[in-house]
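A.B. asks: Can you read through this structure? Questions will come right after.
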């Protein structure tokens, strides 16, 4: 019953009108020749794939889930997933932003990010199969040996093989320093790995010929804790020197989790019984190597939630226009009907606009961030690359945590728009809520993201990275502050910027006295900074919309209305967050553990 | 894997130390003799029933759901539900607060409310079978004819028969004025009712001998809209003059909804094919009669969410004490272990304390409200009864909407405490989240509750009811404002009270100019008033706790810590809510419907 229309127009707005992507790409040699038409054509085709191929499998995939044959340890994905994946591979989509040296198309990350938003709107569970693959590709591309690259990258690029990240064990998720899986060196330079992993997304399935597991384990001489973890690549089927598949490696799916959502993705318990692997990167430095994959994955999780926010919004709007119930408090708006469509009711609009603003703000931020990654990877000037990397480091936890928390709010609001029907499976809304819930947890819980932001990204360098981003805001405020029509946007932005500066130094001082103060304020702090970033992009969007309003294109009218809504109804959350962030950790620590 | 311990101590605190229930009951003739021991004994026994009989069926009931035999139209509840219900009936629990004239035990509502919190913690889906029954009992007790009372009340009181509310139709939920079911008068004074109902909780099942449906339908001469709706009682099996069951009435379950949660309760599609019913109350005044049931049901929904908040809290605490992961930022707290229990981390505590404070605040408010209902029903002084009724009218939408929104936040936080394990079914947390989601929707969506509060309960009488409650706060502030130890609680309470007064008159003025302003501000307004009410009860609780701290009972230390947490970390939400409430409806109405 659900519908999905790829938001091509808003993606084009962000890419071409807000970020000037093609100009930015001109400075990056590998992308210098890309024009807007190419980008737009890929958007159209990608949107078509998402809407026509994977979206129709979303509800049925949720209903069926994955099945494990306990004898063969083989997993069957929901009906249609395999064929859709074959079509995805056939269309060359896995290769979109991969290295041409391994068969990739070498298109920019910012475009791939658009594709992933659409794929996640269409079907988050399905999209996790290629999504994890791309993560494995990046880890091997950065840290693999030449032989590993030759062996795995072409197949991961084409999508004929998929990838996983095997980190979590039953007793450790956040705290990987506790992990116990062991790797025994073999005479031939390979390793035999033994251990139990859980929560392995796309861990086993029937979509691809081979599955390339990236596994964290300890070498025999490993130091304790997180500094004694190494990364290994462990294929499901061993790869022969000629590239063909050899023996089945003893890495088995021993169970599938029964989850709240993302039923279409196989969340596997994995047992390694002396599975053969090779070392990726340096011994004992696996966590750092894995973090290449993890950082990409964190942005990917943000895209999952952006996708869910958008599709939930679209469906709730359609329902709110169609469903008639009660009269507007200010008098009938559809006097020819027995009641008004519920979109006339202010609170219904508030719920819809919340989802809309979170989608538009999230899209601007995440594409901005993706373009920074392109710059980090492909700009010839090292200072520019470093600057981009700093901004990516700062923004990654915000994309992950702010967008996923927002999607939880937004999808829940969109469900509420449907009234009782929102609670019924056939309407599809409750699946979006269930699917959205995992995004706040995996790839580092949102608490971990907030500690990463405040502790590692902000306080550890005395706010240097934050100041870099803040300078963009200061410049914008200075430039636009004199434009009367912009004041409604610039003034609250400038005000919030000042408050963030003040709050940051206050928290820095407090943390100096008591490290727990970071943990007490971090979650509130991340949301405040998230709003600052959103306010900046909404103000910039409003500037573009004001300039182009004369074109008569209602797109700009809507963009302005959404920006105004954002400043009036969502940004004020910061008033409370700043208060609670400032009220310190003491109210959290006062109660003795035994009294809980 | 989940556990549940009835929170008897906190219930006793609220009843005996905060509200002085037995003293209050002394003024009500039917309850004048009840002592604390009786109340405590019932609490103990009720808690035992919940924890031992229905709690073990919660996860399995969710897993199995209900099944409909499409040939016989009979529904089978999950395994164990029927036996548990038989034990519930056997124990006399349905009769607890029912009228002794019909076999009830005549105990106060405030006690029944405690029972319902515990039953809902244990198993919300199961509890809806007796819960709806109690609603049907109340509607018939208030509006039924003598014959209807004689026929139905003894069996509803004993629990041998259960009840339902048949309101919603596919095209109308909130807007019952649109409903189409028809009632044709018969020569014998009965009616033949025809129509389709959906979302009928406990609508068909195998727990009871008979099901007493209360059905809204239109008489042939009915005026259009909500003033043309009548209420009928339509039993599944017709009742013979001797009280025995006769023919099967043609009221059939034609389908069961597939829902996000509360799988153990049968949410039935009901078809009435000329089913025989009798009129309850006056013709065309069915909605008013149904509202007796509805108001009780709204408080009942608040208790469902209170129950879920409590049980989610308890489990998350157990997990947070047991699960070790990472070191405290301020240094190891469990140096003998490889990592600290996660309860040392400030944000984990924040999530736990949020759930705890919402449970404690919700318990104080809902038991206060229940005691008011006892007063409304049983106090000899009409002025006292009216005053109690006014307060109940004001507080009902707050109990319904504030407690259910809080439970959504709280259960989601508690899930998050578990990390990835929270997303896995076997741990039980994700079921609490799924079950909690419906409570924000049924018995009037939370938007409807907020419109009821701001439009009907506050602005319609120029704030008279609100002032009544406000006077309690003013008196308390005046009395306690001089006590130094109380100032940390009294000052923010007084401050918020002033702000609510100001906000209320501001919204009243605005609404005078544009009725849509009510719809634009109502949801924010309800949460602000909800916090005011919670702040009042936390301040009163703190007063008791401060007085009794000398006893050395750690219960009071914990109560104080929770109150302080509430004032530091939850109440500040009002800063944002007041801003957004004041920013008006214009940002919500500005965008043209076509641009969404």
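Protein chains in written order, with the UniProt record's numbering: chain A, 1 to 596; chain B, 1 to 596.
We put the CB at the ideal spot given by N, CA and C, even for glycine.
For residue 269 (chain B), which residues does DSSP report across the bridge?
C.D. replies: Answer by DSSP bridge pairing, in chain order: B:255.
A.B. asks: Measure the beta-carbon distance from residue 362 (chain B) to residue 306 (chain B) and round it to whole angstroms, keeping in mind my assumption that it falls under 8 Å.
C.D. replies: With a Cβ gap of about 4 Å, residue 362 (chain B) and residue 306 (chain B) count as contacting.
A.B. asks: Quick check on this structure: which residue in A:10, A:125, A:219, A:207 has the alpha carbon closest to the alpha carbon of residue 114 (chain A)?
C.D. replies: Of the candidates A:10, A:125, A:219, A:207, the one whose C-alpha sits nearest the C-alpha of residue 114 (chain A) is A:10.
A.B. asks: Using a Cβ-Cβ cut-off of less than 7 Å, give me the residues of the segment 577–589 of chain A that come near chain B, in sequence order.
C.D. replies: So the list reads 579, 580, 583, 585, 587, 588, 589, given in the order they occur along the chain.
A.B. asks: Could you check if residue 364 (chain B) is buried or exposed, using at least 16 other CB atoms within 10 Å of its CB as the buried criterion?
C.D. replies: The residue is buried, with at least 16 neighbouring Cβ atoms inside 10 Å.
A.B. asks: For the putative contact between residue 2 (chain A) and residue 22 (chain A), defined by C-beta atoms under 8 Å, what is the C-beta separation to the nearest angstrom?
C.D. replies: Not really, about 34 Å apart at Cβ, beyond 8 Å.
A.B. asks: Once you ignore the five residues that flank residue 570 (chain B) on each side, which residues in its own chain have a CB closer than 7 Å to its CB?
C.D. replies: Around residue 570 (chain B): 354, 357.
A.B. asks: Taking just the CA atoms, how far does residue 190 (chain B) sit from residue 94 (chain B)?
C.D. replies: Approximately 29 Å between the Cα atoms of the pair.
A.B. asks: Starting from residue 199 (chain B), trace the beta strand (DSSP E) both ways and give me its first and last residue.
C.D. replies: Element bounds for residue 199 (chain B): 191–201.
A.B. asks: Rounded to the nearest angstrom, what separates residue 532 (chain B) and residue 543 (chain B) at their Cα positions?
C.D. replies: Answer to the nearest angstrom: the Cα atoms are 17 Å apart.
A.B. asks: Let's see if you can read the secondary structure: which residues bound the beta strand (DSSP E) around residue 230 (chain B)?
C.D. replies: Start and end: 230–235.
A.B. asks: When you compare the CB positions of residue 277 (chain A) and residue 370 (chain A), do they come within less than 8 Å of one another, or not?
C.D. replies: No; because the gap between Cβ atoms is not below 8 Å, this pair is not in contact.
A.B. asks: To be precise: take each residue of the segment 503–520 of chain B, compare its Cβ to all Cβ atoms of chain A, and keep it if any distance is under 7 Å. Which residues remain?
C.D. replies: Result list: 514, 515, 516, 518, 519, 520.
A.B. asks: Tell me, which residues are paired with residue 161 (chain B) by DSSP?
C.D. replies: Beta-bridge pairing links residue 161 (chain B) to B:210.
A.B. asks: What does the Cβ neighbour count give for residue 564 (chain A), buried or exposed, with the cut at 16 atoms within 10 Å?
C.D. replies: That one is buried.
A.B. asks: Would you identify the three-state DSSP class for residue 104 (chain B), choosing helix, strand or coil?
C.D. replies: Looking at residue 104 (chain B) - three-state DSSP - the assignment turns out to be coil, as it is neither helix nor strand.
A.B. asks: Please compile the residues from chain B whose C-beta is within a distance smaller than 9 Å of the C-beta of residue 343 (chain A).
C.D. replies: The contacting residues are 593, 596.
A.B. asks: Closest Cβ-Cβ distance between residue 416 (chain A) and chain B: below 8 Å?
C.D. replies: Closer than 8 Å: yes.
A.B. asks: Over what stretch of residues does the beta strand (DSSP E) that includes residue 248 (chain A) continue unbroken?
C.D. replies: Per DSSP, residue 248 (chain A) belongs to the beta strand (DSSP E) from 245–248.
A.B. asks: With DSSP as the reference, please indicate the residues paired to residue 216 (chain A) in a beta bridge.
C.D. replies: In the DSSP output, where bridge partners are listed per residue, residue 216 (chain A) has A:231.
A.B. asks: With DSSP run on the structure shown, which of helix, strand or coil describes residue 274 (chain A)?
C.D. replies: Note: residue 274 (chain A) maps to strand in three-state DSSP.
A.B. asks: List the residues of chain B that residue 441 (chain A) touches, going by C-beta distances under 8 Å, in chain order.
C.D. replies: Within chain B, the residues near residue 441 (chain A) are 416, 419, 420, 422, 423.
A.B. asks: Taking C-beta to C-beta, are residue 198 (chain B) and residue 168 (chain B) nearer than 8 Å?
C.D. replies: Yes, Cβ-Cβ distance for residue 198 (chain B) and residue 168 (chain B) is below 8 Å.
A.B. asks: Taking 8 Å as the threshold (beta carbon to beta carbon), is residue 347 (chain B) in contact with chain A?
C.D. replies: Yes, contact with chain A.
A.B. asks: Using beta carbons (cut-off 8 Å, strictly below), is residue 257 (chain A) in contact with chain D?
C.D. replies: You won't find chain D in this structure, because its protein chains are A and B.
A.B. asks: Quick check: is the beta carbon of residue 260 (chain A) nearer than 8 Å to any beta carbon in chain B?
C.D. replies: Yes, its Cβ sits closer than 8 Å to a Cβ of chain B.
A.B. asks: What did DSSP end up calling residue 67 (chain B) once you bin it into helix, strand or coil?
C.D. replies: Strand at residue 67 (chain B).
A.B. asks: Closer than 7 Å, Cβ to Cβ, to anything on chain B: give me those residues from the segment 312–327 of chain A, in chain order.
C.D. replies: Listed by position, the residues of the segment 312–327 of chain A near chain B (Cβ gap below 7 Å) are 317, 321, 325, 326.
A.B. asks: Determine the closest residue to residue 225 (chain B) out of A:245, A:337, A:243, with distance taken between C-alpha atoms.
C.D. replies: Ranking the options by Cα distance to residue 225 (chain B), first place goes to A:337.
A.B. asks: Rank B:530, B:286, B:536 by C-alpha distance to the C-alpha of residue 489 (chain B) and give the top, closest one.
C.D. replies: Among B:530, B:286, B:536, the Cα nearest to that of residue 489 (chain B) is on B:536.
A.B. asks: Is it right to say residue 154 (chain B) is buried, meaning 16 or more other beta carbons lie within 10 angstroms of its own, or is it exposed?
C.D. replies: Counting Cβ neighbours within 10 Å, residue 154 (chain B) comes out buried, since at least 16 surround it.
A.B. asks: Just how far apart, CA to CA, sit residue 13 (chain B) and residue 525 (chain B)?
C.D. replies: C-alpha separation (whole angstroms): 29 Å.
A.B. asks: Return helix, strand or coil for residue 76 (chain A), following the three-state DSSP convention.
C.D. replies: DSSP places residue 76 (chain A) in strand when its eight states are reduced to three.
A.B. asks: Under 7 Å: does the beta carbon of residue 436 (chain B) sit that close to some heavy atom of the ligand COA?
C.D. replies: Looking for the ligand COA in the displayed structure turns up nothing, as the structure carries no ligands at all.
A.B. asks: Take the Cβ of residue 41 (chain A) as the centre, count every other Cβ of all protein chains shown within 10 Å, and call the residue buried at 16 or more, exposed below.
C.D. replies: Looking at its Cβ environment, which holds fewer than 16 other Cβ atoms inside 10 Å, residue 41 (chain A) is exposed.
A.B. asks: Measuring only the C-alpha atoms, how far is residue 475 (chain B) from residue 541 (chain B)?
C.D. replies: Their Cα atoms are separated by approximately 16 Å.
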